[in-house]
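S.K.: A single structure is presented below for examination.
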Amino acid sequence: MIPEKKLTELKREDIIEAAEHEFRTNGFRSTSMDRIAKTAQVSKRTVYNHFESKESLFQAISLKLCDCFTHVSDYSYDAGTPIENQLKIIAEQQMKLITSDDFQSTLKMITTESFASPVLTKENLENFQESSIGVVKWITAATEDGKLSVSDPILAGKQFLALIEAFALWPQLHGFKPTPTKKEQKKIIDSAVRMFMNTYVN
């Protein structure tokens, strides 16, 4: 038998996933808590036991996206591995996330809602802009080891991720360009790594 706490956590995850699907498919305003409950295959009462409103569910989805974006660039610095190789791994992790259909459709939904309800999404989008923490830790460690010369790890981290997002996330989010092919992704990554190293490697 699944422990009660574990079962509760699973139900909560099911509700968030159902809401995420419904918000992406039908939009935030057109989605009802009844519909979310049906998609999650739980009672409406169960949904309200976990989330007091549709707005709180939206917040949970936004935070989930921020957490995912925060941790995707996590990488433990390895003094014995060339800087270039480690940067490529970090960039590949980032690329895999931001080119996924689920990530892009959820981010598009949240971004669209930010225009309609700025108060609802302002804090979450601000958190999203600060969510380069994974690569920042790596940059800090590499700098302390003398392999990089970085005075502002947060700025450097944002710069590195932006070199990838500028070609593989934002144009696609706004429908300007299709998702880069594998060959194009490699070119974007190689260019980002080269520019970063030219700027920050001693």
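For the sequence shown, this note's numbering assigns the number -19 to the initial residue and increments by one for each residue that follows. Cβ atoms here follow ideal geometry from the backbone N, Cα and C, with glycine treated the same way. Quick caveat, the model's predicted, so the values are computed rather than measured.
#1: Considering N29, what are the terminal residues of the alpha helix (DSSP H) in which it resides?
#2: In the DSSP assignment, find the alpha helix (DSSP H) that holds A96 and state where it starts and stops.
#3: Tell me whether A(-2) sits in a helix, a strand or coil according to DSSP, three-state version.
#4: Sorted by chain position, which residues of the same chain lie with C-beta nearer than 8 Å to D125's C-beta, five sequence neighbours on each side aside?
#5: For L149, which three-state DSSP category applies?
#6: From which residue to which residue does the alpha helix (DSSP H) around V173 run?
#7: Excluding the five sequence neighbours on either side, which residues of its own chain have a C-beta within less than 8 Å of the C-beta of V22, listed in chain order?
#8: Can you check whether the CB of L87 is closer than 8 Å to the CB of E93?
#9: Taking the alpha helix (DSSP H) that R9 belongs to, which residues open and close that run?
#10: Here's the rule I'm using: 16 or more other beta-carbon atoms within 10 Å means buried, otherwise exposed. How should P160 be labelled?
#11: Hey, would you say L143 sits closer than 8 Å to V115, going by beta carbons?
#12: In the DSSP assignment, find the unbroken alpha helix (DSSP H) run with S259 in it and report its ends.
M.R.: Reading from the atomic positions:
#1: Within the sequence shown, numbered from 1, the residue matching residue 29 stands at position 49. Its alpha helix (DSSP H) spans residues 24 to 30.
#2: Stepping through the sequence shown from its first residue, residue 96 is reached at position 116. Note, A96: alpha helix (DSSP H), 81 to 96.
#3: Reading the sequence shown from its first residue, position 18 is the one you call residue -2. Correct three-state label for A(-2): helix.
#4: To locate residue 125, count along the sequence shown from 1; it is residue 145. Result list for D125: Y57, A59, in chain order.
#5: As a first step, residue 149 is located in the sequence shown; it is residue number 169 there, counting from the start. DSSP places L149 in coil when its eight states are reduced to three.
#6: In the sequence shown, the residue the question calls residue 173 occupies position 193. Unbroken alpha helix (DSSP H) run through V173: 162 to 180.
#7: In the sequence shown, residue 22 corresponds to position 42, counting from 1. Excluding sequence neighbours, V22 sits near K(-9), D(-6), I(-5).
#8: Here residue 93 refers to the residue found at position 113 of the sequence shown. Here residue 87 refers to the residue found at position 107 of the sequence shown. Cβ distance not < 8 Å, so E93 and L87 don't count as in contact.
#9: The residue you call residue 9 lines up with position 29 of the sequence shown. No alpha helix (DSSP H) contains R9, which DSSP labels as neither H nor E.
#10: Looking up residue 160 in the sequence shown gives position 180. Buried: at least 16 other Cβ atoms inside 10 Å.
#11: As a first step, residue 143 is located in the sequence shown; it is residue number 163 there, counting from the start. As a first step, residue 115 is located in the sequence shown; it is residue number 135 there, counting from the start. Taking 8 Å as the Cβ cut-off, L143 and V115 do not qualify as a contacting pair.
#12: Given that the chain is displayed from residue -19 to residue 182, the structure contains no residue 259 and the question cannot be resolved.
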